Each structure stands twice: as structure tokens, then as C-alpha cells.
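The structure appears right after this line, and notes come after that.
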Amino acid sequence: MADTPNSTPTADFLNRYFRRPDIALALGVVFILAVLVLPMPTWLLDILLAFSFAFAVLILMTSLFIERPLDFSSFPTVLLVSTLLRLSLNLASTRLILAHGHEGTHAAGHVIEAFGNFIMGGNFVIGLIVFSILVLVNFVVITKGSGRIAEVSARFSLDAMPGKQMAIDADLSSGLLTEAEAKLKRKELEQESAFYGAMDGAAKFVRGDAIAGLIITVINIVGGIIIGTAQMGISLSDATHTYTLLTVGDGLVSQIPALIVSVAAGLLVSKGGSIGSTEKALFAQLGGYPTALGLSSFLMALMAFLPGVPFIPFAILGGGLGAMAYFVHETQKQAVQKTADDLQASKQVAPTEQPISAALQMDLIRLELGYGLLGLINKERGVVLTDQIKALRRQLAGEIGFVLPSVRIQDNLQLPANTYVLRIKEIEAGRGDIRPTMLLVMDPSGEPITMPGEATTEPTFGLPAMWIAENLREEAQFKNYTVVDPTTVITTHLTEIVKDHMAELLSFTETQKLLDELDKDQQKLVAEIVPAKISVGGIQRVLQLLLGERISIRDLPTILEGIAEATAASRNVQQICEHVRHRLARQLSEANINAAGVVPIMSLSPEWEQAFAESIIGQGEDRQLAMAPSRLQQFIGDIRSNFDRMAMLGESPVLLTSPAIRPFVRSIVERFRPQTVVLSQMEIHAKAKIKTVGQI
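Per my numbering, the very first residue in the sequence shown carries number 81; after that it's consecutive.
This is the structure:
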């Protein structure tokens, strides 16, 4: 791009680089370091000394007006830069004082000369005393006090961090905070600890700056007198006056900004837990008690009448404090009256419907914990219950085909300390008793566990188990026991409960959402069948029947295609579902393959097939099973004995029936063995490898 007529190479350079703050800061730091080595003209020194004053005042004003200390979290870095700037200017002025001090009091610039003449008033002893007092106030009083406050704040902040983290996690689990709010609070907690730790170290900058100022002052005075008398040939009196004036002026120019920055640091760390700018935190608390103001006014007035005490100053202070006490008292009285009026008005207003509507809201899935299990949501334990539940929701979404509602975790003080309760739509669906600081071990072979511990029953499947100490983990693993931590026990139980109630959790809204989220190519299919052939409620019912038998609905396009085909012949939801199952034959076969790559099958004998077929009465949608109770009991006994025998052999076969009777067989089996899969011959894929392990 061509240069504009008014542009110059230098202007282009400045325009290009000083638009970037990072480059500007880097060049500024390099310039400060260069001042430590290179000589500096007096006019540039005057400008930089004025800048040092402005920089210190800006830091003080920022410390006064911020709402909380963390709003100025960069203060330690700013303090380092300001200290480095003052030290570099000290060195530059020292070079000018020692090299040109014999030329007069203007040798180190007009700023240093002005401060020296103004403070000293022609007497260098007064200047030395004032300078020493400033250094003493800065070094001993302000810097030491603020450093101690920063040290104690850093220690207490680090000690309180675990408790604050637990409080944030507890608020998150109880629903008082969202994920984003909890993440922001954790970040603020980390920043607070880092800030107070950095402030503890930053106080050493100011202390070192004061010590360096004292040393530089002594060097300038002694070295200047020696150079002036021995090398430049001026008298001892003139050398003492000139070099002392220059040195004290230089010290004041550097120590006054240092004192201002030290006050800013003290204000920042002493603010502590106060919220609001400094004048709000100070005046609201000092001037918020009319009784204290009134007593102070009385004491000032009393002192005004003491013999020898000047009357006017104390009388003015007493009258001013008395007027302030009256004003604060009236203001607080009006505020109390206004609060009472507002409360009375709120009582007269008719109650709104909000509390009732809030009471109607229902948690679809809720996990209630006894107070002894609240530590399971603490990140310091390594395994966090909330993280495992998030992973569980993600896993079930991939396996089942729709995202589960959020699981609300809350404490319940009415429960025993180590008990948890799982609720589906606020109705208890399962509970268990665990030991939060122990491990649960089970023997896969079913043999008794030969380890010291507390015998128990695994809450999900009712298997015999034992709670052992955490230091016995390796021994249990060496014995080939299954070792499970407490959070995994809860999430496993939650998984099974959710799978058992999956059909209940699929609402009409969730079904509509699944249809809306299909690809554009599939929306044509949805538009064809809804509502002409089937309603959204009908699709919901078909999906619920599939989920009731733990069949994934992730392949929703295939399910919709099956619904479209079935609705051409029947509007019966059960028959539509059976046809959809035939379309999902490959998925069903794949889901029931064992470790050997085959589908183990337990088939119904022809006698039972005929018995069920003859027991079905009615036509169309009115078909139902009417089998004698004695025959049903015999069937249940045969199923239970055969499947228990296969379980002892390590097999979990599917029960194979004919398509016509499959729904009725499943309705019987699910009442006593809900985990048993019942398939028809049409639901075994043609390419699936099967193995018949028995017959009922």
C-alpha cells in the first residue's frame, strides 16, 4: 500500500507497533533496563520523574475505587514495574549528581532541584530529617503492616480453599448453582489464592526499594563530597550544600512515589472481604452507628471546656459529629419505617400463583444422599460422583438413542448417614447403603470372600459382597475379586434403574425433539407418516415399547420406516412395534451375541408353542392371553429352572418363540425375569450365528 502524503517512515513505525499493547510494554521494559546502563540527559530525566509521580498516583486512585481486591489482580506485576522504574531513575540521577554536581544544584534536572529547595528550605539538615522520616514511615509502618496482612491473608486463603471448594460443589449438586456459575466461582477462588500469595511476595519489592534508597542516598552524599572537594576543587561547605541538596531532592522524588504505591498496596490487602470501593467500605461502617458518633461528639465538646485547651477546634468537631449522629439516626429510622411499610404492603397483596406452580415441578431423576455421602462430590477424593453421572448420561445417549434428563443430586438429612435413594419422578425406585471411605469387593465365581471387612449385599443385583479398607485393593485384585469404589456402586445402580424406567422417561416432548433433530433427508419421511398414518403420541408409544425391553432407538430412521410399513396394514401399536422389531433384526442379533460370537438360544418346545397359541383369545386389537394359572405356574417354573442352570454355566441365552406369541410370552417373563431377552424367529438376522443351548 502506498504511503499517504502526510505519512513519514517514523509515523508509520509508531502507528504499526504502538497499536499493540504487548509490543509497547516490551519496549517500555527494555527502555527501563537501558536507563540502568546508558546516560540520560536532564530534560528526559525530568519527564520520567514526572511520569513516575503520575504512575504512582494512578495506582493509588485505582486501589481506592476498585470494588474488590481481585479487580486489581495485576497489582504485583504493576508494583514490580514501578519499583524497577524508580530504581532505574535513581541510578540515572546518581550518575548525573556525581558527574555534574559541582556545576550547581541544577545538575540533575529541575525536578530534583525544586524538591530539594522546597523541602530543605536552605537547611540540608532539615532535608535529611524529612527524608529519613519518609523512609521510616514507608519502610517500618506501611510496608511492614501491609506485608504482614498479605502474608496472613495468603495463609488463610490457602487453608480455606478446600472448604470453599466443597461448598461450591455442594451448591452445584443441590441445584443452587449452574455449571457455568460453579466454574466461575472456582476460577475466582483460584485467583484469590494466587493474588494474596503474590501480594505476600510483592511487599518485598517495596521494602527492598526503601533499603536501596537509603544506600543510594549515603553513597551520593559521601561520594559527592569526596568528588567535589578532591577532584573538582570546591570547598567542603559548598560541596556539602550542593550534593546534599541534590541527593535529598533525588531521594524525595523517588521515595514520595514509593510511599504512594505502598499506601495503595496497604489499601488493597487491608480491604479483605469488604465489597465496594474504599469510601463505601469505610464511611458505611465508620459513619453507620449514630450512638458512636454521639458519644464522640460529647467527648469533643467536653474537651473544648477543659482549661488550656483551644475551644474553637474541639467545639467545631463536637458540633459536626453531633449533627452527623442526628442525620444518620434519622436516615436509619426512615429506612426501618420504609421496610415496615413495604412488609405491611406485601402482606396485603394477594398471594401469587408462583409458589403453587413451583410446587408442581417434578424431578424426573433424583439422587438423594445421606450427609455421610456428601464427600463423594468433592474433587479432592479423585473420583467425583457428578463427573461419573455426566459420563453415564453421555454413554446412555450413545447406547439408547436419546439424552436422559439431568440427574438432580441433593442431600437428605432424614436418611441414614451412608444411605442413598434413587427416585424416578419422585417415587423411590431403589436405595442402597455404602461406605464412602471403603471399597466393595465381589467374587465373580460366587465363592465366599476371604478378606477382612464388612459383609454386605451389592445394592444393584443383590449379590453377596464385602466392604474392605482402601489399602487392601491390591490384595483383592490379586485374588481376582471385582473391586468397585463407592461412586461406581451408585452409578451402576443408577444405570440399571434408568434402564428399567427408560420407557417412563421418554416423554411426548422428548419424542418430538427426536423427530425434529433428524436430518433434512429424514424429515420427508416424518412428514409422510405424521399425522396422516400415526400421531407423535403413537410413535412415542412404539418407542416406549422398544425401550421397555432395553432396545436402542438410536436407529430412528429405520424405526420410522418400519412404522410407515406397518401402518399400511394395522393401527395397533403392539403390532406396529412387532413389525419394527423385525426391521431391527440385525441390531437385536448383534446386541445378544456372546463372547464366542454366537447368539445362544433357549427355544420353546412345540407343546408350549401350541399351548400359548391356543390360549390367545380375541381378534385384532382385542387379543389377550387366557391361560390357566396352573399352566402359567408350570411355565414360570420351567423358565426359572432352565435359565438358572444356564446362568451357572456362564450363559445368558435369549428365549426364542414364534412371532405370534412373542408379546404374550414376554409379558409373562418380564414379571419375574425382566433381564431375559425374548425374541421371535423373525428377529434373528439371517447372517447371525446361533447356538441352541436348550429347550423349554
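Each residue gets a CB set at the ideal place from its N, CA and C atoms; glycine is no exception. Remember, predicted model here, so these are calculated numbers, not experimental data.
Excluding the 5 residues flanking it on each side, F211 has same chain C-beta neighbours closer than 8 Å at I199, T297, V328, G331, L332, Q335, in chain order. When the alpha-carbon of V563 is set against those of T575, V191, A549, L605, the nearest one is in A549.
Within the region 495-525, complete beta strand (DSSP E) segments of at least 3 residues are found at 499-504, 507-513, 518-522, given in chain order.
Within the region 527-561, the runs of beta strand (DSSP E) that reach at least 3 residues and sit entirely inside it are, in chain order, 534-537, 544-549. Residue range 679-683 is occupied by the beta strand (DSSP E) that includes P680. In this structure, the CA atom of G346 is about 16 Å from the CA atom of V215. T772: member of the beta strand (DSSP E) spanning 770-775, first to last residue. Non-local beta-carbon contacts of L627 in its own chain, meaning distances under 8 Å to residues more than five positions away in sequence, involve I480, M582, A583, L586, I633 in chain order. Shown here, E448 sits in a strand according to DSSP, grouped into three states. Taking M518 as reference, the option from L453, D467, R511 with the minimal CA-CA separation is L453. Cβ-Cβ distances below 7 Å link M380 to F394, L397, G398, L401 in the same chain, with the five nearest sequence neighbours on each side left out; the list follows chain order.
Following the DSSP letters along the chain, one finds T371 inside the alpha helix (DSSP H) bounded by residues 370-384. Following the DSSP letters along the chain, one finds S632 in no alpha helix (DSSP H), marked with neither H nor E.
Within the region 558-643, the runs of alpha helix (DSSP H) at least 4 residues long that lie entirely inside it are, in chain order, 566-580, 582-585, 588-596, 600-609, 616-628. A Cβ-Cβ distance of about 10 Å is found for the pair I609 and A646, leaving them out of contact under the 8 Å criterion. Contact check for L735 against M682 passes: the beta carbons are separated by less than 7 Å.
Across the structure, T772 and M726 are spaced so that their CA atoms are roughly 12 Å apart.
In the three-state DSSP reduction, Q441 falls in the coil class, being neither helix nor strand. Secondary structure within the region 270-352: the alpha helix (DSSP H) runs of 4 or more consecutive residues, fully enclosed, are 316-351 (chain order).
Residue nearest to D599 within the set I619, P637, K613, S615 is P637 (criterion: CA-CA distance). Close CB contacts of L373 within its chain, under the 6 Å cut and outside five residues either way in sequence, are with L401, M404, A405 (chain order).
Within the region 697-736, there are no complete beta strand (DSSP E) runs of at least 3 residues. In this structure, DSSP gives R751 a state outside helix and strand, which the three-state scheme calls coil. Here the alpha carbon of E527 sits roughly 51 Å from the alpha carbon of Q699. Remark: C-beta atoms of V678 and K769 approach each other more closely than 7 Å. The beta-carbon separation of I504 and I445, rounded to 6 Å, stays under the 8 Å limit for a contact. Here A477 has V483 as same chain residues with Cβ atoms under 6 Å from its own Cβ, once five neighbours each way along the sequence are excluded.
At the C-beta level, N492 and I514 stay beyond 7 Å of one another. In this structure, the CA atom of L543 is about 15 Å from the CA atom of D724. Inclusion of L178 and G303 in the CB contact set at 7 Å is warranted, their separation being smaller than that value. S738 carries a coil assignment under DSSP once its states are collapsed to helix, strand and coil. Per the C-alpha coordinates, the member of F558, I764, F407, M728 positioned closest to T371 is F407.
In the DSSP annotation of this structure, R661 is not part of any beta strand (DSSP E); the continuous alpha helix (DSSP H) holding it starts and ends at 653-663. Shown here for I673: same chain residues with a beta carbon closer than 7 Å to its own, the five before and five after excluded, namely V679 in chain order.
Shown here, L171 sits in a helix according to DSSP, grouped into three states.
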